[in-house]
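Worksheet: one structure, shown below.
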Amino acid sequence: METSVILNLEEVKADLLKGIYQCSVRGLMHSTKWLSELNHCLSHIKVNSYLPREPIVDLEEYDSYLLAKSYFDLKEYDRCAFYIENCKSSCAKFLNMYAKYFSLERKKIDNLNELFAGPDPKLVSELQRLCTELRADYLRGNLDAFCLYLYGVVLKRLDLLDEARQVLSESVTLEPLHWGAWLELVNLITDRAKLRSLSLPDHWMKHFFLAHAYLEQQMNDEALDIYNELQNAGFNGSSYLLAQKAIVFHNKREVTEAIATFRKLRKMDPYNLDNMDTLSNLLYVKEMRVELAYLAQEVSEIDKYRIETCCVIGNYYSLRSDHHKAVLYFQRALRLNPQYLAAWTLMGHEYMEMKNTNAAIQSYRQAIEVNRRDYRAWYGLGQTYEILKMPSYSLYYYKQAQNLRPNDSRMLVALGETYEKLEKVQEALKCFYKARSVGDVEGSAILKLAKLFDKLSNPDQAASAFSEFVNENDTNSGMENKSELSQAYKYLANFHLKKNQLELAYTFAQKCLNYEETKEEGKALLRTIAQKRGLDEDDKEMQFEESSSAPATPKYSNISPRNLNLCYYNMSVNENQSD
Numbered sequence: 001m002e003t004s005v006i007l008n009l010e011e012v013k014a015d016l017l018k019g020i021y022q023c024s025v026r027g028l029m030h031s032t033k034w035l036s037e038l039n040h041c042l043s044h045i046k047v048n049s050y051l052p053r054e055p056i057v058d059l060e061e062y063d064s065y066l067l068a069k070s071y072f073d074l075k076e077y078d079r080c081a082f083y084i085e086n087c088k089s090s091c092a093k094f095l096n097m098y099a100k101y102f103s104l105e106r107k108k109i110d111n112l113n114e115l116f117a118g119p120d121p122k123l124v125s126e127l128q129r130l131c132t133e134l135r136a137d138y139l140r141g142n143l144d145a146f147c148l149y150l151y152g153v154v155l156k157r158l159d160l161l162d163e164a165r166q167v168l169s170e171s172v173t174l175e176p177l178h179w180g181a182w183l184e185l186v187n188l189i190t191d192r193a194k195l196r197s198l199s200l201p202d203h204w205m206k207h208f209f210l211a212h213a214y215l216e217q218q219m220n221d222e223a224l225d226i227y228n229e230l231q232n233a234g235f236n237g238s239s240y241l242l243a244q245k246a247i248v249f250h251n252k253r254e255v256t257e258a259i260a261t262f263r264k265l266r267k268m269d270p271y272n273l274d275n276m277d278t279l280s281n282l283l284y285v286k287e288m289r290v291e292l293a294y295l296a297q298e299v300s301e302i303d304k305y306r307i308e309t310c311c312v313i314g315n316y317y318s319l320r321s322d323h324h325k326a327v328l329y330f331q332r333a334l335r336l337n338p339q340y341l342a343a344w345t346l347m348g349h350e351y352m353e354m355k356n357t358n359a360a361i362q363s364y365r366q367a368i369e370v371n372r373r374d375y376r377a378w379y380g381l382g383q384t385y386e387i388l389k390m391p392s393y394s395l396y397y398y399k400q401a402q403n404l405r406p407n408d409s410r411m412l413v414a415l416g417e418t419y420e421k422l423e424k425v426q427e428a429l430k431c432f433y434k435a436r437s438v439g440d441v442e443g444s445a446i447l448k449l450a451k452l453f454d455k456l457s458n459p460d461q462a463a464s465a466f467s468e469f470v471n472e473n474d475t476n477s478g479m480e481n482k483s484e485l486s487q488a489y490k491y492l493a494n495f496h497l498k499k500n501q502l503e504l505a506y507t508f509a510q511k512c513l514n515y516e517e518t519k520e521e522g523k524a525l526l527r528t529i530a531q532k533r534g535l536d537e538d539d540k541e542m543q544f545e546e547s548s549s550a551p552a553t554p555k556y557s558n559i560s561p562r563n564l565n566l567c568y569y570n571m572s573v574n575e576n577q578s579d
């Protein structure tokens, strides 16, 4: 769908000035800010300032519009709507209905006594009334691009998603410079087929939309290519593009590169709080306590009531294992914006740490209500039901997570473990083998395979898998792998002893002596090996002569990963399989 990015910067600059004006007069502040930031990157490009060819409202409505716009800017939404209730100009008409919508959204937040409470029937009824008013104008063809955007947003809030997708597509076609409409449309693209089916305007804004859509679809390399091309085409100084590239690295689990990119962003734009919640997640993963503490202090000094600030401070307390305080800050973020996805997911994680599975489930479900493509929420639900020993439920949620992240080995391993609990061994093997083939970032899939082969009484396959596991972990045996390594050495010692491969059995038995849990068994194995060697003493000279003319028996450390004989199980997981 995407072609190379070639821009006429003079035309782009003129478009940006036009879009800034059109969004500003309608109170679309986030789109105005986004366009203004892009425009600042092109400050070296000189064009005539944009002036509208026609007045934004009829002259007889202009005074009412100015008064209403001042009320809107001060967040007096009901007063704004009241003073332009009877205006007919498209700009004033949009501002009237937009103010009504914002009034409903604010009342919903103000009346939110419980975070997990259901929707207020009265507010839902008023939203439906606004939808009816917009639909009537839509059917008469009286909605401009901005009113179409508002209609699409209202449809989305009422869960009329297919209709919302169609209306928002019409909106961006009529006015491609309104970034807010593009963002609402992105959230309705649930799979790549829907993305390919969209009819998009041939406009330079399409490149920004596609990159963002690819990012949402976890097509990270494709998104990164477009962002690099946009930088090279003239937007090299864009803080937005730099932040998006950092998110790409975050999605690809290239944590060090993501943190380095965010550091560049903070030097470029030190008071920018956008995406600082993502940076705090990265610092949390790397357990960079000092840097996370500095970040929490700095964002709090800039604006302590921003949702990103609440999230950063919540992560800081979580890293200190103060989960109650972390939950309080995530709740504060959600009271500021109940649609803030990250806070719902992170709060679910905190409730899991607090062993409050009921609250965790509700948090993850709310996250999915906000964005069904949040694989972390689906994965969290799978973990929660796993704790509750309900593997059939876990299987459903892990499948949803794996469908969203088909090449993430963590999803596949979780899915395989659940199949194993349900005694669906062949399906579990498929999952573990695919996890191995896509990278196995945690290094656990090969161990799962080894144990399953042992369970299936397939010692040759199990030994091959255990051998590969010790090859990868012998030189880097952290505390988390010590127990597993000791059991792998014990298995391999017994396996080679049964095969009468005494040298290899001796090597692995010696390894068992390094671990408390297998030390005694290792000693017993060494005694058995010594006895076997004594019984075979009469044949020793003949074996030595044969070995002098034959290749030496390879030690375990020389077993190549390519020798892992799993061909029988080389079957890919059907991402959409169902029981």
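Note that the sequence shown covers residues 1 to 579 in full-length UniProt numbering.
From the three backbone atoms N, C-alpha and C, an ideal C-beta is built for every residue, glycine too.
In this text, all values refer to a predicted model and were calculated from it rather than measured experimentally.
- Following the DSSP letters along the chain, one finds Ile302 inside the alpha helix (DSSP H) bounded by residues 289-302.
- In this structure, Leu265 places its C-beta atom within 8 Å of the C-beta atom of Ser239.
- Put simply, the backbone Cα of Leu230 is about 41 Å away from that of Asp63.
- Between the alpha carbons of Trp182 and His212 lies a distance of about 9 Å.
- As summarised for the UniProt repeat "TPR" (341-374), the continuous alpha helix (DSSP H) elements at least 4 residues long and confined to that stretch are 341-353, 357-370, given in chain order.
- With a cut-off of 8 Å on Cβ pairs, the segment 143-151 is not in contact with the segment 326-334, counting fewer than three such pairs.
- If you draw a 10 Å sphere on the C-beta of Ser467, you find 16 or more other C-beta atoms in it, and that means buried.
- About 20 Å separates the CB atoms of Ser464 and Val438; that is not less than 8 Å, and the two are not in contact.
- The beta carbon of Asn337 sits closer than 7 Å to the beta carbons of Ile307 from its chain, once the five residues preceding and following it are set aside; these are given in chain order.
- The segment 197-213 and the segment 169-182 touch, with no fewer than 3 CB-CB distances between them shorter than 8 Å.
- The DSSP-derived three-state label of Gln487 is helix.
- Only residues of its own chain outside the window of five on either side were considered, and among them His323 have a CB closer than 6 Å to the CB of Met354, listed in chain order.
- Take Trp34, set aside five residues on each side of it, and the residues of its chain with a beta-carbon closer than 6 Å to its own are Trp179, in chain order.
- Within the same chain, and ignoring the five residues on either side of Asn500 in sequence, the residues whose Cβ sits closer than 8 Å to its Cβ are Lys532.
- The beta carbons of Val167 and Leu155 sit closer together than 8 Å.
- Nearest to Lys18 by C-alpha distance, out of Val47, Ser4, Ile6, is Val47.
- Within its own chain, the residues whose Cβ lies closer than 7 Å to the Cβ of Pro201, once the five positions on either side in sequence are excluded, are Val172, Thr173, Pro176, listed in chain order.
- Ala509 counts as buried, since no fewer than 16 other beta carbons sit within 10 angstroms of its beta carbon.
- Less than 8 Å divides the Cβ of Ala445 from the Cβ of Val413.
- Burial check for Thr256: the Cβ neighbour count within 10 Å stays below 16, so the residue is exposed.
- The Cβ atoms of Lys69 and Leu104 lie no closer than 8 Å to each other.
- The three-state reading of DSSP puts Ile84 in coil, since its state is none of H, G, I, E or B.
- Per DSSP, reduced to three states, the secondary structure at Gln218 is coil, with no helix or strand assignment.
- In the structure shown, Arg253 adopts coil according to DSSP, grouped into three states.
- Here the segment 374-383 lies against the segment 392-402, with 3 or more beta-carbon pairs under 8 Å apart.
- Per DSSP, reduced to three states, the secondary structure at Ile387 is helical.
- Nearest neighbour of Asn220 by Cα position, chosen from Gly152, Asn407, Asp303, Phe495, turns out to be Asn407.
- Counting only unbroken stretches of 4 or more residues, the alpha helix (DSSP H) elements lying wholly within the segment 152-196 are 161-174, 179-186, in sequence order.
- When the beta-carbon positions are compared, Glu350 and Ser318 come within less than 8 Å of each other.
- Judged by beta-carbon spacing, Lys13 lies within the 8 Å limit of Leu42, meaning their Cβ atoms are closer than that value.
- Non-local C-beta neighbours of Tyr305 in its own chain, meaning closer than 8 Å and more than five positions away in sequence, comprise Leu336, ordered along the chain.
- Trp204 sits in coil when the DSSP states are folded into three classes, being neither helix nor strand.
- C-alpha of Arg106 to C-alpha of Leu7: approximately 40 Å in a straight line.
- CA-to-CA, the gap between Cys131 and Asp137 works out to about 10 Å.
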